[in-house]
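Q: Here you go, one structure.
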Amino acid sequence: MNTATPLAQHLRHVFFGGNWTTVCLKEHLTNLSWQQATAQVLTLNTIAALTYHIHYYVAAQLRVLQGQPLQASDRFSFDHPPIQSQEDWENLLAKVWSDVETMAQRVESLPDSMLEEAFADEKYGSYYRNIQGMIEHTHYHLGQIVLIKKIQAAPLLEL
Numbered sequence: 001m002n003t004a005t006p007l008a009q010h011l012r013h014v015f016f017g018g019n020w021t022t023v024c025l026k027e028h029l030t031n032l033s034w035q036q037a038t039a040q041v042l043t044l045n046t047i048a049a050l051t052y053h054i055h056y057y058v059a060a061q062l063r064v065l066q067g068q069p070l071q072a073s074d075r076f077s078f079d080h081p082p083i084q085s086q087e088d089w090e091n092l093l094a095k096v097w098s099d100v101e102t103m104a105q106r107v108e109s110l111p112d113s114m115l116e117e118a119f120a121d122e123k124y125g126s127y128y129r130n131i132q133g134m135i136e137h138t139h140y141h142l143g144q145i146v147l148i149k150k151i152q153a154a155p156l157l158e159l
């Protein structure tokens, strides 16, 4: 087995389940209403904004894996289109799940030698660093999503 196969599995695990932490995005985003996804909790990002933000980097890396130039900027990574219905929310999720699976398949097909090559530009480091970093980034925001859901579900405290 090459190094890319476990990396692709790790990517799938954070999105679809089966990882060591036993938590994944699909579990926490499926069956969530668009109102819950877009609800503002304190000054935190919404679940929808975090979901878009996570996908922004998946889509950017996927385009590179498909032979396109890297076109992404952190300043646009939260600029999601409005989600005004359940259909809008479910369309975003369907795009996330589809792109992640496509990316995982692309990662699996990478030769080990490519994992150490520069990702789009030497200043970004290797393919491995970028893919692994995106997985870690997803875990980070998954934790935020879980906490936001817990806050949403908590009864209001009386002072």
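First residue of the sequence shown? That's 1 in UniProt numbering, and the numbers climb one at a time after it.
Every residue, glycine too, gets a C-beta built ideally from N, C-alpha and C.
1. Are the region 51 to 64 and the region 137 to 146 touching, with three or more C-beta to C-beta distances below 8 Å?
2. Tell me where the alpha helix (DSSP H) around D74 begins and ends.
3. Pop quiz: A49 and F78 are said to be a contact at Cβ under 8 Å. What is the actual Cβ separation, rounded to whole angstroms?
4. As a quick exercise: from V58, A120 and P82, pick the residue whose alpha carbon is nearest that of A39.
5. Just to confirm the assignment, what range does the alpha helix (DSSP H) spanning Q84 have?
6. Which runs of the alpha helix (DSSP H), 4 residues or longer, sit entirely within the UniProt domain "DinB-like" (26 to 145)?
7. In angstroms with no decimal places, state the Cα-to-Cα distance between L11 and N19.
8. Once DSSP output is grouped into helix, strand and coil, what is the label at L7?
9. Roughly how many angstroms lie between the CA atoms of Q71 and A120, to the nearest whole one?
A: By the coordinates alone:
1. yes
2. On the sequence shown, residue 74 is found 74 positions in, with the first residue counted as 1. That residue, D74, is in no alpha helix (DSSP H); it is neither H nor E in DSSP.
3. Looking up residue 49 in the sequence shown gives position 49. Looking up residue 78 in the sequence shown gives position 78. About 5 Å; that satisfies the 8 Å criterion.
4. Counting from 1 along the sequence shown, the entry for residue 39 is found at position 39. Of the listed residues, the one whose Cα sits closest to A39 is P82.
5. As a first step, residue 84 is located in the sequence shown; it is residue number 84 there, counting from the start. Element bounds for Q84: n/a, residue is neither H nor E.
6. 34 to 38, 47 to 65, 86 to 108 and 112 to 115
7. Taking the first residue of the sequence shown as 1, we reach residue 11 at position 11. Taking the first residue of the sequence shown as 1, we reach residue 19 at position 19. The alpha-carbon of L11 is positioned some 9 Å away from that of N19.
8. Taking the first residue of the sequence shown as position 1, residue 7 is located at position 7. Of the three classes helix, strand and coil, the one that applies to L7 here is helix, per DSSP.
9. In the sequence shown, counting from the first residue as 1, residue 71 sits at position 71. In the sequence shown, counting from the first residue as 1, residue 120 sits at position 120. Each residue's Cα considered, the two are about 10 Å apart.
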